[in-house]
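Peer 1:
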Amino acid sequence: MKKEEAKLKAFYSAMFNAFGPQGWWPGETPFEVIIGAILTQNTSWSNVEKAIANLKKEKLLTPKRLHALKAGELAAHIRPAGYFNVKAKRLKNFLDRLFEKHGGNLSRLLKKDAPALREELLSINGIGPETADSIVLYAANHPEFVVDAYTKRIFSRHKLVKIDAGYEEVKSLFTENLGPDAQVFNEYHALIVRTGKYFCKNREPLCGSCPLKAYL
DNA sequence: TGCCAGGCCGGGT
DNA sequence: ACCCGGCATGGC
Numbered sequence: 001m002k003k004e005e006a007k008l009k010a011f012y013s014a015m016f017n018a019f020g021p022q023g024w025w026p027g028e029t030p031f032e033v034i035i036g037a038i039l040t041q042n043t044s045w046s047n048v049e050k051a052i053a054n055l056k057k058e059k060l061l062t063p064k065r066l067h068a069l070k071a072g073e074l075a076a077h078i079r080p081a082g083y084f085n086v087k088a089k090r091l092k093n094f095l096d097r098l099f100e101k102h103g104g105n106l107s108r109l110l111k112k113d114a115p116a117l118r119e120e121l122l123s124i125n126g127i128g129p130e131t132a133d134s135i136v137l138y139a140a141n142h143p144e145f146v147v148d149a150y151t152k153r154i155f156s157r158h159k160l161v162k163i164d165a166g167y168e169e170v171k172s173l174f175t176e177n178l179g180p181d182a183q184v185f186n187e188y189h190a191l192i193v194r195t196g197k198y199f200c201k202n203r204e205p206l207c208g209s210c211p212l213k214a215y216l
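153 is the number that the working numbering gives to position 153 of the first sequence; each next residue is one higher, with no gaps.
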């Protein structure tokens, strides 16, 4: 077993032992996963929850209902998520594609194989690599590893990736050593977020009782 | 009170 | 192929 592989598995065990299964994605349906994935771009999940709660309260959280809204109306509902004007546009870009190319049928879109789905998502303005991979993994259950700010922060501090490594470079560390396993990728990313939120803030050290502290 | 959060785009170099 | 400013609310 390669050195990286052993480390990645040890990290996983340490986080899993500390926190247990995370049960991701925090959303009830594939559609809700997609909306949440776009809304959480550079935004804390607690703010996204408020926006999604608004949509649910108004019975708007369906493809048809959201598609029928104008961007400005949608923006008003998702205000708490921040960047509400750009995000309203991005949500509409996704919905426009869903209705124009797939008849508004989400399961038809999600039925595509992983590479084709990822490629189509990336072709939508407002969906980048992390959002696309989140949707492929957590809405379609295909094994794409999700790399986020916490992943780069934690694994560069542990010197498993360079500080300035790009998205694909970081992603390959995981896919080449663990993959492809949707359940493992699912739990691993969720554990990284859980760990990062409490023990790996941007400014510094704050490691505290982080389960990965012993490996620093 | 500032700083930060589960990114991404568009324009400039 | 990178680099950077812009986008915005809510929590600590």
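C-beta atoms are modelled at their ideal positions from N, C-alpha and C, and glycine is treated no differently.
Quick caveat, the model's predicted, so the values are computed rather than measured.
Would the region 3 to 10 and the region 66 to 83 be scored as touching if the rule is three or more Cβ pairs under 8 Å?
Peer 2: No, the region 3 to 10 does not touch the region 66 to 83.
Peer 1: Under the three-state reduction of DSSP, which class applies to residue 107: helix, strand or coil?
Peer 2: For this step, residue 107 is matched to residue 107 along the first sequence. Residue 107 falls in the helix class under three-state DSSP.
Peer 1: Measuring CA to CA, which of 37, 174, 211 and 185 is closest to residue 196?
Peer 2: For the purposes of this step, residue 196 is taken as residue 196 along the first sequence, with counting starting at 1. Minimum Cα distance to residue 196 is reached at 211.
Peer 1: Would you kindly work out how many angstroms separate the C-alpha atoms of residue 11 and residue 73, rounded to a whole number?
Peer 2: Walking along the first sequence from the start, residue 11 turns up at place 11. Walking along the first sequence from the start, residue 73 turns up at place 73. About 44 Å.
Peer 1: Expressed to the nearest angstrom, what Euclidean distance is found between the alpha-carbon atoms of residue 152 and residue 158?
Peer 2: Taking the first residue of the first sequence as 1, we reach residue 152 at position 152. Taking the first residue of the first sequence as 1, we reach residue 158 at position 158. Cα to Cα, residue 152 sits roughly 10 Å from residue 158.
Peer 1: Please specify which runs of the alpha helix (DSSP H), each continuous and at least 4 residues long, are wholly inside the region 90 to 137, giving them in chain order.
Peer 2: 106 to 110 and 114 to 122
Peer 1: In its own chain, which residues sit with a C-beta less than 8 Å from the C-beta of residue 167, not counting the 5 before and 5 after it?
Peer 2: Within the first sequence, the letter at position 167 stands for residue 167. Taken in chain order, the residues that qualify are 129, 130 and 147.
Peer 1: Per DSSP, what kind of secondary structure is residue 23 in: helix, strand or coil?
Peer 2: If you number the first sequence from 1, residue 23 lands on position 23. It is coil, neither helix nor strand.
Peer 1: Going by the CB atoms, is the gap between residue 77 and residue 95 shorter than 8 Å?
Peer 2: In the first sequence, counting from the first residue as 1, residue 95 sits at position 95. In the first sequence, counting from the first residue as 1, residue 77 sits at position 77. Going by C-beta atoms, residue 95 is not nearer than 8 Å to residue 77.
Peer 1: Would you say the region 111 to 118 touches the region 133 to 148, given that touching needs at least three Cβ pairs under 8 Å?
Peer 2: yes
Peer 1: Is residue 98 closer than 8 Å to residue 38 when the C-beta atoms are compared?
Peer 2: Position 38 of the first sequence, counted from the first residue, corresponds to residue 38. Position 98 of the first sequence, counted from the first residue, corresponds to residue 98. Going by C-beta atoms, residue 38 is not nearer than 8 Å to residue 98.
Peer 1: So what's residue 185 in DSSP terms, helix, strand or just coil?
Peer 2: The residue labelled residue 185 in the question sits at position 185 within the first sequence. Correct three-state label for residue 185: helix.
Peer 1: Exposed or buried, residue 65, counting other C-beta atoms within 10 Å across all chains shown (16 or more means buried)?
Peer 2: The residue given as residue 65 occupies position 65 in the first sequence. Flag for residue 65 reads exposed.
Peer 1: Check for me: the alpha helix (DSSP H) holding residue 213 runs from which residue to which?
Peer 2: Walking along the first sequence from the start, residue 213 turns up at place 213. It is not in any alpha helix (DSSP H) - residue 213 carries neither H nor E in the DSSP assignment.
Peer 1: Pick out the complete alpha helix (DSSP H) segments inside the region 143 to 202, 4 residues or longer, and give them in chain order.
Peer 2: 149 to 157, 167 to 178 and 182 to 199
Peer 1: Using 8 Å as the cut-off, can you tell me whether the region 162 to 179 makes contact with the region 115 to 124, which would need three or more C-beta pairs spanning the two stretches below that distance?
Peer 2: no
Peer 1: Check this for me: beta carbons of residue 8 and residue 177, under 8 Å apart or not?
Peer 2: If you number the first sequence from 1, residue 8 lands on position 8. If you number the first sequence from 1, residue 177 lands on position 177. Their beta carbons are under 8 Å apart, which means residue 8 touches residue 177 by this criterion.
Peer 1: Grab the span of the alpha helix (DSSP H) containing residue 50 for me, first residue to last.
Peer 2: In the first sequence, counting from the first residue as 1, residue 50 sits at position 50. Segment 45 to 57, the alpha helix (DSSP H) holding residue 50.
Peer 1: Exposed or buried, residue 63, counting other C-beta atoms within 10 Å across all chains shown (16 or more means buried)?
Peer 2: Here residue 63 is taken as the residue at index 63 of the first sequence, counted from 1. Classification of residue 63: buried, given that the 10 Å Cβ count is 16 or more.
Peer 1: How would you write the range of the alpha helix (DSSP H) that residue 206 sits in, first residue to last?
Peer 2: Counted from its first residue, the first sequence places residue 206 at position 206. Unbroken run through residue 206: none, as it is neither H nor E.
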